[in-house]
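Okay, structure first, notes after.
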Amino acid sequence: MRVFVAGASGAIGTRLVPQLIDRGHEVIGTFRSPGHGERVRALGAQPIALDLLDPGAVRKAVLETEPEAIINQATALADLSDFKHFDRSFHQTNRLRTEGTDALLAAAREAGVRRLVTQSFASYRYAREGGPVKSEDDPLDPAPVAATRESNDAMRYLDQAVTDAGGIALRYGVFYGAPNDGLIEPVRKRQFPIVGKGGGISSFIHLDDAAAATVLAVEDDGAGIYNIVDDEPAPMREWLPVLADALGAKPPRRFPRWLARLFAGEAVVVMATEARGASNAKAKRELGWKLRYPSWREGFRAAYASAALAEPAKPDPAARAGLSQYQRKERQHDA
Ligand SMILES: NC(=O)c1ccc[n+]([C@@H]2O[C@H](COP(=O)([O-])OP(=O)(O)OC[C@H]3O[C@@H](n4cnc5c(N)ncnc54)[C@H](OP(=O)(O)O)[C@@H]3O)[C@@H](O)[C@H]2O)c1
31 MRVFVAGASG
41 AIGTRLVPQL
51 IDRGHEVIGT
61 FRSPGHGERV
71 RALGAQPIAL
81 DLLDPGAVRK
91 AVLETEPEAI
101 INQATALADL
111 SDFKHFDRSF
121 HQTNRLRTEG
131 TDALLAAARE
141 AGVRRLVTQS
151 FASYRYAREG
161 GPVKSEDDPL
171 DPAPVAATRE
181 SNDAMRYLDQ
191 AVTDAGGIAL
201 RYGVFYGAPN
211 DGLIEPVRKR
221 QFPIVGKGGG
231 ISSFIHLDDA
241 AAATVLAVED
251 DGAGIYNIVD
261 DEPAPMREWL
271 PVLADALGAK
281 PPRRFPRWLA
291 RLFAGEAVVV
301 MATEARGASN
311 AKAKRELGWK
321 LRYPSWREGF
331 RAAYASAALA
341 EPAKPDPAAR
351 AGLSQYQRKE
361 RQHDA
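Basically this note's numbering = 1-based index in the sequence shown + 30.
Listed below in structure tokens is the structure:
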């Protein structure tokens, strides 16, 4: 197939393009930043500079390249650091998820492209009630934190628009597996604390596994929403010490909710203490997806082995056991 990948130069795009080519597909890959065209070409795709927020340019690019399938992986998250003003930080990404989606869908309609796959998000979106792990049929959070409303609305819009058009929305977990993953520096510097009891559940996904699921989705004839997450949704108090250890960092600090709210905002507090995880059962069942890294436990170690070597820290037996001293105290306290 001729596959048009919007956002081919990004974290997931650069993993996806080689996997598509390995499967025998021909790839047209778009980039936005000057200089990223070479990155796309080196992966074996035909590079095209494209601003997804320019509908005329999107129309031209799609009509001229005549793809049989379109995958949208465009986000604007490279400089993300301020989670307190969440919607402000995600504003451009939200525009890509709404206006960018509209432009691609219009171009796809005109060009007769019926296979559509778009990047969505699973973690921290499901209703914060009931069991810890949610399927695609479970309700989304009806009352997200005020600072995240625009971002939640944009993801809802994208999920609906793409599936209404007969396409697939992939609700990925939190990406990891690249040397510049956003969590690395804050965790290394102990700036990423466990908040409260750290009971909020995260769903992670290694970038290679996310790319593999995306290839299966674009080869699939159906439409729908899939959670693309690993097998082990886990509370922050479990995964964060393991990540710190994998990076060779000291165990994470602990902050009470009020302090974390002050520094990082309500959205982060809710993610850390109340969020629910996502189930990957549907993607495994319907797409035949198999994970190379079924759990972040081995995934973090595989991804960051060289990062830990680059910045050695004193070994910590508690963190090695996947349990911080704080957690031990808390569990003793709970018991
Ligand atoms: N599920 C998740 O957890 C998740 C999802 C997305 C991103 N992230 C993380 O966020 C960080 C940054 O992501 P990233 O490295 O992929 O960078 P990014 O800035 O989010 O860019 C992603 C892709 O979108 C393209 N793009 C940006 N603005 C565009 C526009 N207006 N029109 C068309 N294309 C546009 C980029 O092109 P250029 O490269 O040419 O600028 C790139 O190909 C990474 O650590 C990543 O893992 C996490």
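All C-beta atoms, glycine included, are put in the ideal place defined by N, C-alpha and C. This structure is a prediction, so every number in the text was calculated from the model and none was measured.
Since residue i contacts residue j with CB under 8 angstroms, what's their CB separation in whole angstroms?
| i | j | result |
| --- | --- | --- |
| THR123 | LEU107 | 6 angstroms |
| LEU270 | PRO282 | 5 angstroms |
| GLY59 | VAL70 | 4 angstroms |
| ALA137 | VAL192 | That belief does not hold up - the Cβ atoms of ALA137 and VAL192 are roughly 14 angstroms apart, past 8 angstroms. |
| THR148 | THR128 | With 8 angstroms as the limit, THR148 and THR128 do not qualify as a contact, their Cβ atoms being about 12 angstroms apart. |
| VAL245 | GLN49 | 5 angstroms |
| LEU317 | ALA243 | 7 angstroms |
| ALA253 | LEU200 | Not quite, the Cβ-Cβ distance comes to about 12 angstroms (not below 8 angstroms), so this is no contact. |
| LEU321 | ASP250 | Actually they do not touch by this definition, with Cβ atoms about 17 angstroms apart. |
| GLY196 | ARG118 | Going by Cβ atoms, the distance from GLY196 to ARG118 rounds to 34 angstroms, so no, they are not a contact pair. |
| ASP260 | SER233 | 7 angstroms |
| TYR156 | ARG62 | With a Cβ gap of about 31 angstroms, TYR156 and ARG62 do not count as contacting. |
| SER212 | LEU110 | Sequence check: residue 212 is Gly here, not Ser. That belief holds up - the Cβ atoms of GLY212 and LEU110 are roughly 6 angstroms apart, short of 8 angstroms. |
| VAL33 | GLU56 | 7 angstroms |
Run the CB neighbour count on residue i, radius 10 Å, all protein chains shown included, and call it buried at 16 or more, exposed below.
| i | result |
| --- | --- |
| PRO64 | exposed |
| TRP326 | buried |
| HIS115 | exposed |
| GLU159 | exposed |
| ALA335 | exposed |
| ASP364 | For ASP364, the predicted model reports a pLDDT of 30, less than 50, meaning its position is unreliable; a value from the coordinates is still stated below. The residue in question, ASP364, is exposed, as its Cβ has fewer than 16 Cβ neighbours within 10 Å. |
| SER39 | buried |
| LEU46 | buried |
| GLY86 | exposed |
| ALA377 | For the chain, the structure presents residues 31 to 365; residue 377 sits outside this window and is missing. |
| LYS164 | buried |
| GLU140 | exposed |
| PRO372 | Residue 372 lies beyond the stretch modelled for the chain, which goes from 31 to 365, so this question has no answer here. |
| GLU268 | buried |
| TRP319 | buried |
| ASN182 | buried |
| GLY370 | Summary: the structure shown does not reach residue 370, with the chain confined to residues 31 through 365, and so no result is reported for it. |
| PRO209 | exposed |
| PRO366 | Past the edges of the chain, shown from 31 to 365, lies residue 366, and the structure says nothing about it. |
| ALA333 | buried |
| ALA276 | buried |
| ARG284 | buried |
| LYS344 | Below a pLDDT of 50, predicted positions are generally treated as unreliable, and LYS344, at 39, falls in that range; the measurement from the model is reported next regardless. That one is exposed. |
| GLY142 | exposed |
From the DSSP secondary-structure annotation, give me the bridge partner or partners of residue i.
| i | result |
| --- | --- |
| GLU56 | ARG32 |
| VAL147 | ILE101 and ILE198 |
| VAL163 | GLY307 |
| PRO265 | ILE231 |
| TYR256 | LEU200 |
| ARG158 | DSSP output for ARG158 lists no bridge partner at all. |
| PHE285 | VAL225 |
Could you check whether residue j and residue i sit closer than 7 angstroms to each other, using their CB atoms as the reference points?
| i | j | result |
| --- | --- | --- |
| HIS236 | TYR154 | no |
| ILE101 | LEU134 | no |
| ILE198 | GLN103 | no |
| TYR206 | ILE258 | no |
| THR178 | ALA297 | yes |
| ILE255 | ASP189 | yes |
| LEU83 | ALA91 | no |
| ASP263 | ILE231 | Note on identity: in this sequence residue 263 is Pro, with Asp being the wrong assignment. Against a cut-off of 7 angstroms, the Cβ pair of ILE231 and PRO263 comes out as a contact. |
| ALA308 | ALA152 | yes |
| LYS280 | ARG220 | yes |
| ASP229 | PRO265 | A quick correction: the sequence has Gly, not Asp, at residue 229. Result yes, Cβ atoms of GLY229 and PRO265 sit closer than 7 angstroms. |
| ILE51 | GLY74 | yes |
| ALA290 | PHE113 | no |
| VAL217 | ALA302 | no |
Say whether chain D places a C-beta atom closer than 7 angstroms to the C-beta of residue i.
| i | result |
| --- | --- |
| VAL245 | The structure shown contains no chain D, having only a single protein chain. |
Length at least 4, wholly inside the stretch 168-238: the alpha helix (DSSP H) runs in chain order = 179-194 and 214-218
message = What ranges does the beta strand (DSSP E) occupy inside the stretch 40-84, keeping only unbroken runs of at least 3 residues that lie completely in it?
response = 56-61 and 76-79
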